[in-house]
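Numbering (the working numbering), first residue to last: 310 to 546.
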């Protein structure tokens, strides 16, 4: 997906200064199926007055029966300035790769506006964003495919963020993105990210993630829909 979830873990407004959130998920099996994978990510944010800078890094690597089947990476940088209590402006840049989706490199640059529909510290948050970005993709060649290996286009970007604190231990998140191409609305990407964070001890959480990504026109040889789920440990510092 072109835009990823960089929502801070805090329900409601963030706290002043620099804070970070790190996650680590490790899965494995042996016997009839030998598989192991690791996913690590780091989100840092700096809130100073009406301004916030976000940096999100993620890397995932995995093997199945001795063969590498996951090796993806992305870096996302975003700046947000709140103009009033209810809305703000954003600018972002991102780079990523996923060779198993034939993506040698994707870079993008964009911006937009963000509305705060509901924000109650420690209870709930609802946010809506609308904007656009310019995207450059380079695909890896594959025998039997005829699609262009280099593409550049503009996409609209809209997202809806829902956050809910059920009790002192459990937090829920839902983030939905819709990204159609301006030149042809039938070319779109849809992403739903669901997560639950269960507080284990002070700043340590058990994190459950479910990501459903749909690309209406993926590269040839790549499936339209990806479903990813993981269980890991998250720490705030």
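C-beta atoms are modelled at their ideal positions from N, C-alpha and C, and glycine is treated no differently.
Label residue i either buried or exposed according to how many other C-beta atoms from any shown protein chain fall within 10 Å of its C-beta, with 16 as the threshold for buried.
| i | result |
| --- | --- |
| residue 532 | exposed |
| residue 325 | exposed |
| residue 417 | buried |
| residue 472 | buried |
| residue 394 | exposed |
| residue 477 | exposed |
| residue 540 | exposed |
| residue 468 | buried |
| residue 543 | buried |
| residue 387 | buried |
| residue 250 | This structure leaves residue 250 out entirely; the chain is present only between 310 and 546. |
| residue 466 | buried |
| residue 516 | buried |
Would you say the beta carbon of residue i comes nearer than 7 Å to a heavy atom of the ligand FAD?
| i | result |
| --- | --- |
| residue 326 | The ligand FAD is not part of the structure shown, which contains no ligands of any sort. |
From the options, pick the residue whose C-alpha is nearest to that of residue i; which is it?
| i | options | result |
| --- | --- | --- |
| residue 526 | 427, 506 and 456 | 456 |
| residue 470 | 327, 515, 510 and 435 | 435 |
| residue 384 | 375, 403 and 371 | 403 |
| residue 480 | 490, 450 and 518 | 518 |
| residue 451 | 491, 421, 482 and 409 | 409 |
| residue 446 | 347, 412, 350 and 500 | 412 |
| residue 330 | 349, 400, 453 and 337 | 349 |
| residue 483 | 514, 513, 453 and 521 | 521 |
| residue 378 | 431, 440 and 347 | 347 |
Residue i lies in the beta strand (DSSP E); which residues open and close that run?
| i | result |
| --- | --- |
| residue 518 | 513-524 |
| residue 348 | 344-357 |
| residue 543 | 534-545 |
| residue 372 | 360-373 |
| residue 391 | 376-391 |
| residue 553 | Residue numbering for the chain in the displayed model covers 310 to 546; residue 553 lies beyond these limits and cannot be assessed. |
Review point. Could you give the uninterrupted runs of the beta strand (DSSP E) lying entirely in the region 400-478, keeping only those of 3 residues or more?
Key: 412-429, 433-448 and 459-474
Point to revise | Contact between the region 490-499 and the region 413-431 (3+ Cβ pairs under 8 Å) | key: The way I'd put it, the region 490-499 doesn't touch the region 413-431; fewer than three beta-carbon pairs between them come closer than 8 Å.
**Study point:** Three CB pairs or more closer than 8 Å across the region 449-464 and the region 503-517
**Key:** no
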